[in-house]
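Using the UniProt record's numbering, you'd call the opening residue of the sequence shown number 1 and step up by one each time.
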Amino acid sequence: EIFALLDAGVSVERSGDGQRWMLGGSSESLARLRGATAYVTLEPCDHVGRTPPCSRALADAGVARVVVGCGDPDPRVDGGGVQTLRAAGVEVVVGVEEAACVEANEDFFARIRAERNAAEAAEA
């Protein structure tokens with residue numbers, strides 16, 4: 001999602017507290033995003049990690065609609081990205097071309113499953 005914003009000519013920087021993206025660029029670049037539809041294969045993240053949450057970046061950019069191929073099983077996301085977008089007034093459609101999107105993200109899903117299994121084994 002962040003690369004899509006950059007491709008649209010928007011500058012993207014972390015806020016001082018690292019919790020949000022600060023969007024900049026020409027008013028023309030920012031205006032192109034307002035009311036736009038973003039198509040993503042995986043639910044936008046909703047947690048702070050190496051980067052701030054993409055769900056908030058999309059909402060802050062004024063994107064009106066996000067079409068999500070499949071949900072993100074990462075326990076830090078797991079529906080939270082969709083909830084954040086909807087709470088910000090963004091229309092969200094989930095499950096478009098879901099099988100193809102799951103296949104495209106299979107390596108990521110395998111890593112998340114392995115991390116969950118390791119965490120569960122450590123707790124046992």
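Where a beta carbon is used, it is the ideal one built from N, C-alpha and C, also for glycine.
Check	Outcome
Sheet register partners of C70 (DSSP bridge)	L42
Cβ pair count under 8 Å reaching 3, the stretch 102 to 116 against the stretch 83 to 93	no
Continuous beta strand (DSSP E) assignments of at least 3 residues falling wholly in the stretch 65 to 115	65 to 70, 91 to 94
Residues of its chain near Y39, where Cβ-Cβ distance is below 7 Å and the 5 sequence neighbours each way are ignored	V67
Nonlocal neighbours in the same chain, by C-beta distance under 8 Å from F108, ignoring five residues either side	L42
V48 to L85 span [Cα, whole Å]	16 Å
Stretch pair the stretch 74 to 88 + the stretch 52 to 62: three plus CB contacts closer than 8 Å	yes
Those residues which DSSP pairs with T37 across a bridge	R65
Distance between P44 and C54 (C-alpha atoms, nearest Å)	5 Å
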